[in-house]
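Position 193 of the sequence shown, counting from 1, maps to 193 under my numbering, and the rest follow consecutively.
The C-beta atom is built at its ideal place from N, Cα and C for all residues, glycine as well.
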Amino acid sequence: MGGTRKPYIAANWKMNLDRTRAMDLVKTLKARIGDGDDREVAVFPPALYLADVAAVAQGSPVGLGAQNLHWEEEGAFTGEISAPMLRDISVDRVLIGHSERRRIFFEKNEWMGRKVRAALDHDLLPILCVGETLEERRAGDLEAVIHGQLEAGFDWVREEEAPRITLAYEPVWAIGTGETATPSQANEVHALIRAWLAVKFPGGEVAASLRILYGGSVKPDNAGALMAQPEIDGLLVGGASLKAETFLPIVEFDR
Ligand code: 13P
């Protein structure tokens, strides 16, 4: 956890929970996190529950995000959701380029810049996800893969708006597998990402201020060690975010 960057703990519920459990979980979270001054907490429910969860989260610091978006504002894109539609129901952030979108649904890397652009244009805070597969890591391609994902995602981002973006490093081999990157392995890749940012935005301010979250089998018992790393500014949690018993200890990693 570095310097002045506020810790950011995000819950990616993926295609899990039902309407009642989603609303209950946010109620519990809302009651527990207080004014949210010292950390940022956000949930990313299935799109269908966003409006209901928004009503529960209203008036609290719990951020509310979608798991995906389309870059066009409207049109013939069956099954898709646009940034203005998300804004319309009080959603304030969005995941972009999650590895499940890339791998299972064949979303192309080159789309990510358009998605980030759409989010920024409509005042949604994007979390751009990057990460390598085990094959890519073993083949020595880690750096090239991460750089390629960053290049695509930041294609149309101006320096002054870059701090509105959050990055998430999620090694594909650590997602849902129980196999976590070690804190130092994760920190190493976070440092590589920050170095890339320093080259892309030479002023240095973007690299220093932008938060990089780690995701992949984060649990209550490894959250503290991950957050103790200087380059890890937050956590993007899947499975362990579905229950208050496992998510709250992660939110309160330092207590
Ligand atoms: P798990 O925490 O279930 O490994 O999922 C990580 C993830 O993909 C969060 O976006």
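Asked: Secondary structure of G239, DSSP reduced to three states; Found: helix
Asked: Rounded straight-line distance, which links the Cα of G36 to that of T28; Found: 14 Å
Asked: Per-residue burial, G274 [other beta carbons within 10 Å of its own, 16 or more giving buried]; Found: Missing from the structure shown is residue 274; the chain here goes from 1 to 255 and no further.
Asked: Spatial neighbours of G204 in its chain, beta-carbon cut-off 8 Å, leaving aside the 5 residues before and after; Found: A198
Asked: For H334, the three-state DSSP class (helix, strand or coil); Found: Because the chain is modelled from 1 through 255, residue 334 falls outside the range shown and cannot be assessed.
Asked: Closest Cα partner of D293 within the set A54, R32, F201; Found: The requested residue 293 is not part of the displayed model; the chain covers only 1 to 255.
Asked: In DSSP terms, what Y63 is bridged to; Found: At residue 63 the sequence reads Gly, which differs from the Tyr that was named. Answer is A42, bridged to G63.
Asked: Residue range of the alpha helix (DSSP H) that includes I250; Found: 244-251
Asked: CB-CB length for Q149 against N187, believed under 8 Å; Found: Their Cβ separation, rounded to whole angstroms, is 18 Å, which puts Q149 and N187 out of contact at 8 Å.
Asked: Pair within 8 Å by beta-carbon distance, L235 and A223; Found: yes
Asked: Whole-angstrom C-beta distance between W173 and K115, which should lie under 8 Å; Found: No, K115 and W173 are not in contact; Cβ-Cβ is about 24 Å, not under 8 Å.
Asked: heavy atom of the ligand 13P below 7 Å from A47 C-beta; Found: no
Asked: 8 Å Cβ cutoff met for V206 and A168; Found: no
Asked: Within the segment 69-144, ranges of the alpha helix (DSSP H) (whole runs, at least 4 residues); Found: 83-88, 99-103, 112-121, 134-138
Asked: DSSP three-state assignment for N12, whether helix, strand or coil; Found: strand
Asked: Cβ-heavy atom distance, H190 to the ligand 13P, below 7 Å; Found: no
Asked: Own chain residues within Cβ distance below 8 Å of K219, not counting five before or after; Found: T180, A240, T246, I250
Asked: Straight-line gap, R164 to R158 (C-alpha atoms, nearest Å); Found: 11 Å
Asked: Neighbour-count burial assignment, T166, 16 or more Cβ in a 10 Å radius; Found: buried
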